[in-house]
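Quick mapping for you: the protein sequence lines, in order, are chains Y and B.
So the number in our numbering is just where the residue sits in the first sequence, counting from 1, plus 6.
So the number in our numbering is just where the residue sits in the second sequence, counting from 1, plus 6.
We put the beta carbon where it would ideally sit given N, CA and C, even for glycine.
There are 2 protein chains.
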Amino acid sequence: MTNNPHTSLTVFENEPLILDSGQSISPIDIAYETYGTLNAARSNAVLICHALTGDQYVASSHPITGKPGWWTNIVGPGKIIDTDRYFVVCSNVLGSCMGTTGPASINPENGQPYGVDFPVITIRDMVRVQMALLDALGIDRLYAVIGGSMGGMQVLEWLATAPERLDRAVVIASSARHTAQNIAFHEVGRQAVMADPHWQGGAYLSGDARPEKGLSVARMTAHITYLSEAALTRKFGRNLQDRDDITFGFDADFQVESYLRHQGISFVDRFDANSYLYITRAMDYLDIAARHGGRLADAFAGAGHVKTCVLAFTSDWLYPPEENKRTVHALNAAGVPVSYAVIESDAGHDSFLLKSQQMEDVLAGFLSAPERAETAP
Amino acid sequence: MTNNPHTSLTVFENEPLILDSGQSISPIDIAYETYGTLNAARSNAVLICHALTGDQYVASSHPITGKPGWWTNIVGPGKIIDTDRYFVVCSNVLGSCMGTTGPASINPENGQPYGVDFPVITIRDMVRVQMALLDALGIDRLYAVIGGSMGGMQVLEWLATAPERLDRAVVIASSARHTAQNIAFHEVGRQAVMADPHWQGGAYLSGDARPEKGLSVARMTAHITYLSEAALTRKFGRNLQDRDDITFGFDADFQVESYLRHQGISFVDRFDANSYLYITRAMDYLDIAARHGGRLADAFAGAGHVKTCVLAFTSDWLYPPEENKRTVHALNAAGVPVSYAVIESDAGHDSFLLKSQQMEDVLAGFLSAPERAETAP
Numbered sequence: 007m008t009n010n011p012h013t014s015l016t017v018f019e020n021e022p023l024i025l026d027s028g029q030s031i032s033p034i035d036i037a038y039e040t041y042g043t044l045n046a047a048r049s050n051a052v053l054i055c056h057a058l059t060g061d062q063y064v065a066s067s068h069p070i071t072g073k074p075g076w077w078t079n080i081v082g083p084g085k086i087i088d089t090d091r092y093f094v095v096c097s098n099v100l101g102s103c104m105g106t107t108g109p110a111s112i113n114p115e116n117g118q119p120y121g122v123d124f125p126v127i128t129i130r131d132m133v134r135v136q137m138a139l140l141d142a143l144g145i146d147r148l149y150a151v152i153g154g155s156m157g158g159m160q161v162l163e164w165l166a167t168a169p170e171r172l173d174r175a176v177v178i179a180s181s182a183r184h185t186a187q188n189i190a191f192h193e194v195g196r197q198a199v200m201a202d203p204h205w206q207g208g209a210y211l212s213g214d215a216r217p218e219k220g221l222s223v224a225r226m227t228a229h230i231t232y233l234s235e236a237a238l239t240r241k242f243g244r245n246l247q248d249r250d251d252i253t254f255g256f257d258a259d260f261q262v263e264s265y266l267r268h269q270g271i272s273f274v275d276r277f278d279a280n281s282y283l284y285i286t287r288a289m290d291y292l293d294i295a296a297r298h299g300g301r302l303a304d305a306f307a308g309a310g311h312v313k314t315c316v317l318a319f320t321s322d323w324l325y326p327p328e329e330n331k332r333t334v335h336a337l338n339a340a341g342v343p344v345s346y347a348v349i350e351s352d353a354g355h356d357s358f359l360l361k362s363q364q365m366e367d368v369l370a371g372f373l374s375a376p377e378r379a380e381t382a383p
Numbered sequence: 007m008t009n010n011p012h013t014s015l016t017v018f019e020n021e022p023l024i025l026d027s028g029q030s031i032s033p034i035d036i037a038y039e040t041y042g043t044l045n046a047a048r049s050n051a052v053l054i055c056h057a058l059t060g061d062q063y064v065a066s067s068h069p070i071t072g073k074p075g076w077w078t079n080i081v082g083p084g085k086i087i088d089t090d091r092y093f094v095v096c097s098n099v100l101g102s103c104m105g106t107t108g109p110a111s112i113n114p115e116n117g118q119p120y121g122v123d124f125p126v127i128t129i130r131d132m133v134r135v136q137m138a139l140l141d142a143l144g145i146d147r148l149y150a151v152i153g154g155s156m157g158g159m160q161v162l163e164w165l166a167t168a169p170e171r172l173d174r175a176v177v178i179a180s181s182a183r184h185t186a187q188n189i190a191f192h193e194v195g196r197q198a199v200m201a202d203p204h205w206q207g208g209a210y211l212s213g214d215a216r217p218e219k220g221l222s223v224a225r226m227t228a229h230i231t232y233l234s235e236a237a238l239t240r241k242f243g244r245n246l247q248d249r250d251d252i253t254f255g256f257d258a259d260f261q262v263e264s265y266l267r268h269q270g271i272s273f274v275d276r277f278d279a280n281s282y283l284y285i286t287r288a289m290d291y292l293d294i295a296a297r298h299g300g301r302l303a304d305a306f307a308g309a310g311h312v313k314t315c316v317l318a319f320t321s322d323w324l325y326p327p328e329e330n331k332r333t334v335h336a337l338n339a340a341g342v343p344v345s346y347a348v349i350e351s352d353a354g355h356d357s358f359l360l361k362s363q364q365m366e367d368v369l370a371g372f373l374s375a376p377e378r379a380e381t382a383p
């Protein structure tokens with residue numbers, strides 16, 4: 007097996023992490039998985055950044071659900087991100103709930119779970135924690151940093167914040183800012199969580215109940231945005247669930263209803279409601295251009311040496327091709343070498359998690375072409 | 007003023023209405039508004055069918071919100087639907103909460119509000135009640151029946167069920183079936199309502215509290231689907247609400263958040279949560295072709311004499327042009343004279359409620375061209 011033992015380490019113990027908000031956190035636990043072996047030159051490390059409700063189990067089974075890793079299509083021995091060749095690192099993001107410090111962690115100041123006392127974080131704060139992880143692992147420079155959706159946002163913050171540590175960067179189905187519609191869907195999800203009386207102003211962890219119904223509704227709404235009208239029609243159409251006719255009631259007559267309810271219910275078993283609030287907020291706050299006078303290209307001024315690749319999917323209406331093209335234009339305008347591919351798919355935003363020969367071909371070509379002799383593993 | 011006095015009447019007093027479900031309701035109150043004067047030949051009646059959360063106040067101010075009627079752009083003296091020329095009727099649909107019998111009405115069997123004892127209804131059941139209203143008003147035949155969104159679904163059921171009573175029919179931004187994605191968004195809204203502990207299994211009317219938070223979340227989600235990415239970007243973008251910078255918190259930093267919260271909060275003042283469940287369910291159950299062996303054209307076999315017009319909007323992703331074109335193909339295949347126009351708009355599904363010169367021109371041309379000499383007013 008290529009999966010090294012589950013690991014975590016603690017950073018920012020002596021000096022706190024100063025966040026974009028001006029607040030600080032200390033210490034920070036980072037839960038991460040690694041696959042493969044770091045070579046002697048320490049030049050074959052690939053950092054994979056996960057999405058909103060993703061985790062570090064990129065190619066190993068999830069400890070709660072028992073499901074296989076979320077990107078086993080792509081990551082593994084002999085696969086596109088070849089763990090016989092690369093040392094793959096994936097860490098749970100700051101603010102999440104799978105071992106890295108987040109709102110469900112204990113606040114050292116009072117011995118209670120942080121809840122809404124946890125400071126609001128940004129995507130760049132997540133990247134700062136990843137940098138500390140790489141420091142601790144003795145990795146100065148990445149062969150590649152790769153991520154889809156919110157993972158791609160982290161990659162863009164890497165390009166804006168620490169390009170000197172990168173040789174390659176892959177941004178999949180993502181964006182350098184959240185649009186009004188993106189914010190709107192997240193706000194609905196947050197309101198659903200906060201409307202649940204079990205949320206208790208965020209302090210539910212000291213009680214017995216969790217805001218499961220609210221979080222479930224939030225997940226159901228979000229899940230619709232991860233798919234597409236075509237995918238929903240292909241998978242479910244108006245098919246009925248285990249019945250011959252409509253029942254003239256409010257049960258899940260239709261398969262699509264049953265499927266969504268299942269998505270909601272199973273999500274609450276593995277995810278913390280406050281983490282959902284904090285991470286969606288971090289995504290909404292993302293606007294990399296705003297830090298650079300409104301010109302996104304200026305954010306990438308230091309990344310001229312980084313070989314980049316941007317991938318979009320035709321049916322992705324959450325982060326559509328036009329939004330990915332904005333990123334490509336900015337990288338081009340900054341003199342960053344960038345290849346851009348729009349992959350045909352009717353599966354919507356979640357396409358990046360599914361098997362796609364086109365995506366594999368693009369990633370394989372991009373990752374194996376050596377940029378500079380000294381950085382090839 | 008063209009608005010006749012607010013009116014309601016009671017039908018199905020002696021014989022109950024038998025619903026599509028096989029259940030029945032008796033009696034049924036119908037609240038309706040009329041504008042203009044029915045001519046001596048009784049040939050100038052125009053029935054306007056309202057949308058999901060609409061009402062009979064098509065061109066008169068809403069008694070709760072005090073806002074002007076929802077289609078004053080189109081309906082009024084000298085306007086496209088000219089109340090100096092036509093006798094305009096608009097009734098609150100069965101299952102709603104503005105005076106027509108619905109789940110908030112008193113169940114004559116026990117003197118309590120129906121709640122979830124109200125039978126599940128269909129769009130065709132709504133049309134059956136409209137027919138009873140026209141019978142009571144002495145109107146055999148309509149100069150035109152017109153509706154947008156769920157109103158258009160009622161028009162399609164009129165064409166399928168009682169075409170002999172129609173001379174003209176206008177279907178705007180609508181569909182003859184609910185797709186998987188349409189059902190999915192409605193199901194999320196229903197789950198949000200039912201997740202609210204104040205819903206009380208539907209029996210909240212006998213208590214003091216209403217499921218306001220759940221209904222508000224449902225409305226917020228739905229409202230996003232009524233707009234478009236372009237409209238949200240144009241109206242709000244990432245503009246902040248009454249502040250110079252983000253606050254690193256969960257307040258409504260962004261205008262789009264503030265706007266959505268307002269949409270949710272103001273909706274609960276004027277709408278009954280159970281009505282929302284029943285009417286969304288009626289829309290989800292709509293599949294006119296299914297009653298006709300899967301061939302939509304067969305539903306319109308009796309409508310060959312009805313002049314029809316179908317309108318769609320380019321940016322409507324709830325009932326997109328492709329879905330409206332399905333309806334047009336079926337009408338054509340049934341030999342029904344149909345004109346089809348796709349109106350340029352970036353405002354999404356709600357375009358039909360906004361000022362649009364293109365829409366006005368199409369409607370004006372369609373309504374004023376006499377089909378047969380004897381039916382012109």
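Looking at chain Y, is there any beta carbon in it that lies within less than 8 Å of the beta carbon of B/A382?
For B/A382, the pLDDT reaches just 42, beneath the cut-off of 50, and the residue's location in the model is therefore unreliable, although a value from the coordinates is still provided. Cβ-Cβ to chain Y under 8 Å: no for B/A382.
Quick one: does B/R249 have its CB under 8 Å from some CB of chain Y?
No - not a single Cβ of chain Y is within 8 Å of the one on B/R249.
Taking Cβ positions only, does B/S351 come closer than 8 Å to chain Y?
For B/S351, the answer is no, since every Cβ of chain Y falls outside 8 Å of its Cβ.
Pull up the DSSP beta-bridge partners for Y/S97, would you.
Y/Y38
Quick check: Y/L162 and Y/I285, are their CB atoms within less than 8 Å of each other?
Not a contact, by the Cβ cut-off of 8 Å.
Under a Cβ-count criterion, where at least 16 other Cβ atoms within 10 Å of its own Cβ denotes burial, should B/A379 be classed as buried or exposed?
Note that B/A379 scores 44 on pLDDT, short of 50, meaning its location in the model is unreliable and no value can be drawn from it.
Are the C-beta atoms of Y/M137 and some chain B residue less than 8 Å apart?
No - not a single Cβ of chain B is within 8 Å of the one on Y/M137.
Please report how far the alpha carbon of Y/F124 lies from the alpha carbon of Y/G108, in whole angstroms.
7 Å
Contact list for the segment 215–231 of chain Y against chain B, Cβ threshold 8 Å
K219, G220, S222, V223, M226, T227 and I230
Establish whether the CB of B/F273 and some CB of chain Y are separated by less than 8 Å.
At a cut-off of 8 Å, the C-beta of B/F273 has no neighbouring C-beta in chain Y.
Quick one: any contact between the segment 347–356 of chain B and the segment 322–332 of chain B, if contact means 3 or more CB pairs under 8 Å?
yes
From the DSSP output, which residues share a beta bridge with Y/T314?
Y/T314 pairs with Y/A175 and Y/V344.
So, for Y/M365: in the same chain, excluding its five sequence neighbours on each side, which residues have a beta-carbon less than 6 Å away from its beta-carbon?
I349
Does B/R134 come within less than 8 Å of chain Y when only Cβ atoms are used?
Answer no: the Cβ-Cβ gap between B/R134 and chain Y never drops below 8 Å.
Y/V133: first and last residue of the uninterrupted alpha helix (DSSP H) it sits in
I129 to L143
Taking the Cβ atom as the reference point for each residue, do Y/S2 and Y/G354 lie within a distance shorter than 8 Å?
Only positions 7 to 383 of chain Y appear in the structure, and residue 2 of chain Y is not among them; the question remains open.
Closer than 8 Å at the beta carbon, the chain Y residues around B/D202:
A201
Stretch pair the segment 220–236 of chain B + the segment 271–280 of chain B: three plus CB contacts closer than 8 Å:
yes
Does the beta carbon of Y/E235 come closer than 8 Å to any beta carbon on chain B?
By the rule that beta-carbons nearer than 8 Å mark a contact, Y/E235 touches chain B.
Counted within 10 angstroms of its Cβ, other Cβ atoms place B/R91 as buried (16 or more) or exposed:
Buried, by the Cβ-count rule.
Who are the Cβ neighbours of B/D304 in its own chain at under 7 Å, not counting the five residues just before and after it?
H298
Which residues in the same chain as Y/L360 place their Cβ atom closer than 8 Å to its Cβ, once the five residues preceding and following it in sequence are excluded?
N79, S351 and A353
Is it a yes or a no for the segment 148–163 of chain Y touching the segment 236–255 of chain Y, going by three-plus beta-carbon pairs under 8 Å?
no
Does Y/T185 get closer than 8 Å to chain B when you measure Cβ to Cβ?
Yes, because at least one Cβ of chain B sits closer than 8 Å to the Cβ of Y/T185.
Members of the segment 285–316 of chain Y that neighbour chain B once the beta carbon cut-off is set at 9 Å:
R287, D290, Y291, D293 and A296
Determine which residues of the segment 319–333 of chain B have a Cβ less than 9 Å from any Cβ of chain Y, and write them out in chain order.
Those residues of the segment 319–333 of chain B placed with their C-beta closer than 9 Å to a C-beta in chain Y are W323 and P326, ordered along the chain.
Alpha carbons only, please: which of B/A46, B/P69, B/K313 and B/R225 is nearest the one belonging to B/P11?
With distances taken between Cα atoms, B/P11 lies closest to B/P69.
For B/L238, the nearest candidate out of B/L221, B/A215 and B/S264 (CA to CA):
B/S264
In three-state terms, what does DSSP make of B/L23?
Here B/L23 carries a strand assignment [DSSP, helix/strand/coil].
Have a look at B/A224 and Y/R225 and give me their C-alpha separation to the nearest angstrom.
14 Å
Would you be able to state if there are at least three C-beta pairs under 8 Å between the segment 37–54 of chain Y and the segment 12–20 of chain Y?
Yes, since at least three Cβ pairs between the segment 12–20 of chain Y and the segment 37–54 of chain Y fall closer than 8 Å, the two stretches touch.
Applying a beta-carbon distance threshold of less than 7 Å, which residues of chain Y neighbour B/T239?
T185 and A186
Measuring only between beta-carbons, confirm whether Y/I252 sits less than 8 Å from chain B.
yes
Among residues of its own chain, excluding the 5 on either side of Y/V5, which ones have a beta-carbon nearer than 8 Å to its beta-carbon?
This structure cannot speak to residue 5 of chain Y, because chain Y is shown only from 7 to 383.
Would a check of beta-carbon distances place Y/Q269 closer than 8 Å to chain B?
No, because no Cβ of chain B sits closer than 8 Å to the Cβ of Y/Q269.
Candidates Y/P343, Y/Q269 and Y/V122: closest to Y/E218 by CA position
Y/Q269
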